[in-house]
Amino acid sequence: MANLNKVFLMGNLTADPELRYTPKGTAVTDIRLAINRYYAGDNSERQEETTFVDVTLWNRQAEVAGNYLSKGRGVFVEGRLQLDSWEDKASGQKRTKLRVIGENIQLFPRGGEGDMGGAPRQQYQNAPRSNNYGQSRPAQNYNPPPMPPTNQPSNDFGDMDDEIPF
Numbered sequence: 005m006a007n008l009n010k011v012f013l014m015g016n017l018t019a020d021p022e023l024r025y026t027p028k029g030t031a032v033t034d035i036r037l038a039i040n041r042y043y044a045g046d047n048s049e050r051q052e053e054t055t056f057v058d059v060t061l062w063n064r065q066a067e068v069a070g071n072y073l074s075k076g077r078g079v080f081v082e083g084r085l086q087l088d089s090w091e092d093k094a095s096g097q098k099r100t101k102l103r104v105i106g107e108n109i110q111l112f113p114r115g116g117e118g119d120m121g122g123a124p125r126q127q128y129q130n131a132p133r134s135n136n137y138g139q140s141r142p143a144q145n146y147n148p149p150p151m152p153p154t155n156q157p158s159n160d161f162g163d164m165d166d167e168i169p170f
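The sequence shown begins at 5 in my numbering and counts up by one.
Structural data, given as structure tokens:
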């Protein structure tokens, strides 16, 4: 049987990310997303549930998050689940925590970030890992390369939203 470990999340940052570097110069940033879910509760009243998810970004993803994201900003994260485990020094008990390792992030435009409306404007993918372990790479003046054309259907539906019945 095949295995799949893939996560797609869309939410808002709960705090400004803090970019840091490992002793070998690898960029790392931890972010926390607030993800809202709306549903009809008892008496058909609209209910809201918020889930908080920790995401770790590495390399170029970490630099982009540290330089371009801020509290409240909408972001789409594609990644994988990772289970961290450690022993609590105070109690001696084994602890575990599930987190997401972000492999691809898309920033939402400032205008639609509150309700996550609109399509993402910027997309950043992990760059291939290099062997320049002792060197950090500045993220200033970074212009992402244009995305290559794909054989996937276009999501540009023009003015069709005028015909949607809801």
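The beta-carbon is built from N, C-alpha and C at its ideal position, and this holds for glycine as well.
For Glu82, the nearest candidate out of Arg50, Asn7 and Gln65 (CA to CA): Gln65
Closest residue to Arg41 among Asn47, Phe56 and Asn63 (Cα-Cα distance): Phe56
Separation of Tyr72 from Asn145, as counted between CA atoms: Confidence at Asn145 is low in this model, with a pLDDT of 48, below 50, so the placement of that residue should be treated as unreliable; the coordinate-derived value is given next. Computed Cα separation, rounded: 12 angstroms.
Per-residue burial, Asn16 [other beta carbons within 10 Å of its own, 16 or more giving buried]: buried
Span of the alpha helix (DSSP H), counted from its first residue to its last, around Asn71: Asn63 to Tyr72
Separation of Asn47 from Arg103, as counted between CA atoms: 35 angstroms
8 angstroms contact criterion, which Arg50 and Ala44 should meet: CB distance rounded: 7 angstroms
In DSSP terms, what Lys28 is bridged to: According to DSSP, which records beta bridges pairwise, Lys28 is partnered with nothing at all.
Minimum Cβ-Cβ distance from Phe12 to chain C less than 9 angstroms: The chain labelled as chain C is not found in the depicted structure, where only one protein chain is given.
Range of the contiguous beta strand (DSSP E) that encloses Leu13: Val11 to Leu17
Three-state secondary structure assigned by DSSP to Asn108: strand
Three-state secondary structure assigned by DSSP to Asn47: helix
Residues bridged to Lys101 (per DSSP): Asp88
Strand pairing of Leu82, partner residues [DSSP]: Looking at the sequence shown, residue 82 is not Leu but Glu. Answer is Phe12 and Asn108.
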